[in-house]
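Trainee:
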Amino acid sequence: MPASSASSFDFDSVTVSGVSRHYGRRRALSGVSLTLRAGELVGLLGPNGAGKSTLLGLLATLIQPSRGTVLYGDQPPSAAGVALRARLGFLPHDLQLYAELTARENLEFFGGLHGFHDPAGRAAAALERAGLADRADDPVQGFSRGMRQRLALERTLLHHPRLVLLDEPFTGLDEASGRALAARLQTLGREQRIVLLATHDMEAVEGLLDRVLVLREGRLTELPARDAPLRERYRAALAR
Amino acid sequence: MICMMQSQRMFAALSVAGLVMFAAAPLLIAQAPYESTMGLIQKIFYFHVPGWIVMFLAVFIAGIASAIHLFRNRPAADRLALAAAELAVVFGLIGLVTGPLWAIKAWGVWWQWEPRLTMSLILELTMCAYLLLRRYGGPGSDKLAAGVAIFAMANVPFVYLSVNIWRTIHPATSVVPQLAGSAPGMFGPFVWCAVAFLVLFTAMMAARTRLEAQRAHVERLHLALEER
Amino acid sequence: MPNFFRVAWLVMRKDLTIEARSWEMVSTTLFFAVSCVLVFSFAFVRAGQPVEGAAAGILWIAVAFSGTLALGPTFDRERHHDALRGLLLAPVERSAIFFGKFLGVVLLMTAVEVVVAVLVALLFQAPLAAHAWWVAALLMLGNVGFAAVGTLFAAMLVRTRSRSVLLPILLYPITLPALIAGVMGTSALLQAEPNLDLARLWAAMLLCFDAVFTTLALWTFEPVMTE
Amino acid sequence: MNGVMRAATAVILVLVMAAAGVHGAQPQPPQEEFVPIDELPPGDQMPAAPLLIAAYAIVWAVVFGYLWSIWRRLSTVEREMQELARRADAGEQDS
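Read top to bottom, the protein sequences are chains A, B, U and C. So in this note's numbering, spot 193 of the first sequence is number 193, and the numbers just go up one at a time. So in this note's numbering, spot 169 of the second sequence is number 169, and the numbers just go up one at a time. So in this note's numbering, spot 14 of the third sequence is number 14, and the numbers just go up one at a time. So in this note's numbering, spot 55 of the fourth sequence is number 55, and the numbers just go up one at a time.
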C-alpha cells in the first residue's frame, strides 16, 4: 500500500445492519443487512429503481441511512471521517469526470485532492493501464463511453481504495476491455480489496463473482450458490 | 394518548388565556392616555410593536432550532424551526399591515422606505423564502432550509446595525422608552398586549409543532405499512 | 491548514482551467452585466442626463444580478457528471472544497465588477475614479459577502428540483444588507462632496457581514451537503 | 411537547423582564424628519378611528385565520392517521 495520505485508517470488512433509507414516502432501501469481507468480489443485481445506487451511495458515505448503521471494520463513518474517505473508491454511473478537462488533468486533479506526492507520475501510470496514454491530453468530451468508463475506473482506483464500489462498470466497454476489466477485478480480489459491483450484464460477470446479492424493491436477498448460469438463478430469485 | 390529551388541554388553556387577554386588550388600550403629538392613531402601536417583538423572537427560535437540527440531527428541532418560521411570517404580516395603517395617518404615506421597515420586510421575505424552500425543495430540503434559517438569524444584527447607521424617521425606538418614562398609563396596556401576543404565540407554536409531529407520525405509519 | 488552502487552490484552479477552455461563464455573465447596465440606462437617463445618484445603484444591481446568473452554472458544472459527489468523496475537509468554489466565484465577479464599473463611470459620468481605491474596496467587500452566501446556497440547491428559481429567492433577502451597504457606501463617494467617513462606516459594516457569513458558510457547508 | 412549552414560557418570562428593563434605557431625542400630523395639510388628514379599527380587525383576522388553518390541517392529518390505523388493523387481520 502506498503512503498516499496521512491516513492510517483501514478495515477488512464492511457491515451493514438493518439499514433503511427513504425519501419522503418513497422507500429506497428497507432493512438491508450484509457483510462484505476483504478479498471478496460481490455482485449486486436488481431491476432499475431497486435501490442499487442508493446502497452504493450509502456505502460511499454520501447518503446517510434513515435507520440502521454501517460499520467499516468496527468504526462508524462519523468516527473515521476524512481518513475513511481516503479508503473508498466509488465509480458511479455518471462517472464524475470533467468533460472540459483532459484525461490527464482529470486524474491529476483527483490525485491532488488525495494529496499524492507525485500526482503526475500516478496519472501517467493510470493512463497507461487504461490504454489511453496516446489520448492523455485530449479533453474528455471527445471520448467514447468506453474510453470514459476506463478512465473513470482508473480514477476510482487511483488511491488504492480498500472498498471499491462500482456501478455498471461494463457499460460501453467492448469485448476486449470487458475482459481486461474482469481480469482487473480479479486482481483487486487477490489484493484483499472489498469489491461491490452493481451490474445488469450477467454474461460479463459470469463466473467472476464470489457472491451475488439481489435487491428488489429495497430488500436484499442472496442468490443461492448453485451450478446454474447466473441469469437463470437471477430470474428464479425475481420470480419468487 | 394520555400525553396527547394533556397537550391538547394545555393548548386549549393557553389559547383561551391568550384570546381572553387579547380580547381585553382594546378595553385597556382605550383607557390609556392619548399620546400628545400623534393622538388616537398612536394606539396602533399596542399591536404593532408586540407583533414585531414576537416576529423577531420567532426568527431567533427558528434559527437556533435549525442549528440544532443541522449539527445534531434532531427532527424535533426541525419541526420547532418550521413552526417558528411560519409564525414569524404570520406575526410579521401583522406588523407589515398595521405599520402602513399608522403611516398613512402619521406620515401621510402608506409606505416609507425607512430602514427599520425595509429590514423588517427583508426578514419577512427571508422567512417566506424558507417556507418556499421547504414547500418546493423536495425531499431533503429540511437540512437546506435549516441553513437558510441560520443565515436569517445571523442577518438580524445587520438589521439593527443598519438602523443605527442610517438616520431614521421611525418613532419606535423613542416611543417605547418614553411610554415607560413619561406615561405610566401607556406602559401598562403595552405590556399587557405584549404578554397577550406572547401567550398567543406560545399557543400557536404548540399547535403548529404538534401538527408537524402528527405529520411525522403519519409518515412513520406509512413507512411501517409499506414495510410489511 | 496548509492542506485546506492547497485543496481550495486545486478546486479553484480546476474551475479556472475549465473556464479558460470554454469562456462560457465569463462571456455570458459579462454580456448579461453589460445588458443590465444598458437596460438601466433607459430607465435612469432623463433628457440626456443620468438621474442623480443612480450610478451606485446601477453598479451594484448589475453586479448582484450577474453574480446570481453565474452561481447557477458554477454548480451545474459539478452536477453534470455527478462530479460534485466525486469532490465530496475526496478525503479532504469539505469546507476546503467550498472555499475553492467560493474563490472561483469571487474571481469571476471581480472580472464582472471591473467591466461594469468602467461602463458605469463612462455612461453615467460617475466619478468612480476619484476615489478608485475606496470604490474597489467596497466592491471587493460586497463581492466576498455575496459570493460566500451565494456559493453556499447554490451548492445546497444542487440537489433540489426548482433550483434556478429558488436561488434568487433565497439569496436576495439574505444578501440585501450587503447590497444596501454597498450602494449607500458607493453613493457616499459619488456625491458632489464625497463623504469618506460614511463610506468607511459602510465598509466596516460590509466587513462584519463578510466575516459573519463566510464563517457561517464554511461551518454549514459540511452538514448541508450530506444527504 | 411539554419541554417545548416550558422553554417557551421561560423565553416569555425573560422577554417580559427585558421589556420592563427598557425602563432603564435612556430615551433618545425624537427624530427631526418626523412630520407631526398637525403640520400636514388638512386635506391629507385621515380620520384615525377607522384606521385603528381596521388595524385591530386585521390582526384578529390574521390570528384567527391562522388558528383556523392549523386546526384544519390538524384534522386532515388526524383523519389520515385514523385511516392508516384502520388499514394497519385490516392488514394484521389478513396476515
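Note that the Cβ used here is the ideal one computed from N, Cα and C, for glycine as well.
1) Please name the residue in U:P173, U:V39 and U:A129 whose C-alpha comes closest to that of V229 (chain U).
2) Which residues of chain U have a Cβ atom closer than 9 Å to the Cβ of F151 (chain B), listed in chain order?
3) Answer yes or no: do G39 (chain A) and Q192 (chain A) have a C-beta to C-beta separation smaller than 8 Å?
4) Cα-Cα, which of U:A136, U:L166, U:F5 and U:R94 is closest to T110 (chain U)?
5) With a threshold of 8 Å, are at least 3 pairs of Cβ atoms found where one atom belongs to the region 149-156 of chain U and the other to the region 144-158 of chain B?
6) Name, please, each residue of chain U whose Cβ falls closer than 7 Å to the Cβ of S120 (chain B).
7) Hey, how far is the Cα of P27 (chain C) from the Cα of H48 (chain B)?
8) Checking the sheet assignment: what are the DSSP bridge partners for Q49 (chain U)?
9) Could you check what DSSP says for P171 (chain B) in three-state terms: helix, strand or coil?
10) Do you know offhand how far A62 (chain B)'s Cα is from P92 (chain A)'s?
11) Assign A103 (chain B) to one of three DSSP states: helix, strand, or coil.
12) Is the Cβ of G92 (chain B) closer than 8 Å to any Cβ of chain U?
13) So that I know if they touch, is there some Cβ in chain B lying closer than 8 Å to that of A55 (chain C)?
14) Our contact map puts P194 (chain U) next to H131 (chain U) with C-beta atoms below 8 Å; I'd like the distance itself, whole angstroms only.
15) If distances are taken between C-alpha atoms only, which option among U:F221, U:D76 and U:W60 comes closest to A33 (chain U)?
16) Drop a sphere of 10 angstroms on the beta-carbon of S8 (chain A), count the other beta-carbons inside from all chains shown, and report buried for 16 or more, exposed for fewer.
17) Let me know the secondary structure DSSP gives L220 (chain A) once reduced to three states.
18) At what residue ranges does the region 33-111 of chain A contain a whole run of the beta strand (DSSP E), taking only runs of 3 or more?
19) Does DSSP put A123 (chain A) in a helix, a strand or coil?
20) Report the CB separation of I18 (chain U) from E100 (chain A) in whole angstroms; it is logged as a contact under 8 Å.
21) How long is the line joining the alpha carbons of R77 (chain U) and K14 (chain U), rounded to whole angstroms?
22) Under a CB-based cut-off of 8 Å, is R208 (chain B) close to chain C?
23) Within 10 angstroms of its Cβ, does E212 (chain B) collect 16 or more other Cβ (buried), or is it exposed?
24) Beta carbon of P169 (chain A), beta carbon of Q186 (chain A): below 8 Å?
25) Assign T35 (chain A) to one of two classes, buried (16 or more other C-beta atoms within 10 Å of its C-beta) or exposed (fewer than that).
26) Within 10 angstroms of the Cβ of I53 (chain C), are there 16 or more other Cβ atoms? Answer buried if so, exposed if not.
27) Quick one: what's S41 (chain U) bridged to in DSSP?
28) In three-state DSSP terms, what is S13 (chain A)?
29) Examine chain B for any beta-carbon lying closer than 8 Å to the beta-carbon of E78 (chain U), and answer yes or no.
30) Could you tell me how far apart the beta carbons of A60 (chain A) and L165 (chain A) are, in whole angstroms, since I believe they sit closer than 8 Å?
31) Nearest CA to the CA of T29 (chain U): which residue from U:T68, U:A20, U:A55 and U:M12?
32) May I ask you to check if the CB of D227 (chain A) is nearer than 7 Å to at least one heavy atom of the ligand PLP?
33) Closer than 9 Å, Cβ to Cβ, to anything on chain A: give me those residues from the region 211-226 of chain B, in chain order.
34) Quick check: what's the CA-CA separation for F201 (chain B) versus I44 (chain B)?
35) Output, in chain order, the set of chain U residues within a Cβ distance shorter than 7 Å of V148 (chain B).
36) At the level of alpha carbons, what is the spacing between R135 (chain A) and D10 (chain A)?
Mentor: Answer, in terms of the structure:
1) This structure does not reach residue 229 (chain U), given that chain U is present from 1 up to 227, and the question cannot be answered.
2) V149, L152, F153, L170, I174, F213, L216, A217 and T220
3) yes
4) U:A136
5) yes
6) Within 7 Å Cβ-Cβ: nothing; S120 (chain B) doesn't reach chain U, min ~12 Å.
7) Confidence is the limiting factor: at P27 (chain C) the pLDDT is only 34, short of 50, which leaves the residue's position unreliable, though a coordinate-based value still follows. If I take the Cα positions, the gap works out to 20 Å.
8) U:R46
9) Low per-residue confidence applies at P171 (chain B): pLDDT is 49, beneath 50, and the placement is therefore not dependable, though the value from the model is reported in the following sentence. Residue state, collapsed to three classes: coil.
10) 37 Å
11) helix
12) no
13) yes
14) 6 Å
15) U:W60
16) exposed
17) strand
18) 41-45, 67-72 and 88-91
19) helix
20) 4 Å
21) 12 Å
22) yes
23) buried
24) no
25) exposed
26) exposed
27) In the DSSP output, where bridge partners are listed per residue, S41 (chain U) has none listed.
28) strand
29) no
30) 6 Å
31) U:T68
32) As for the ligand PLP, it is missing from this structure, which has no ligand bound.
33) E219, H222, L223 and E226
34) 19 Å
35) L170
36) 35 Å
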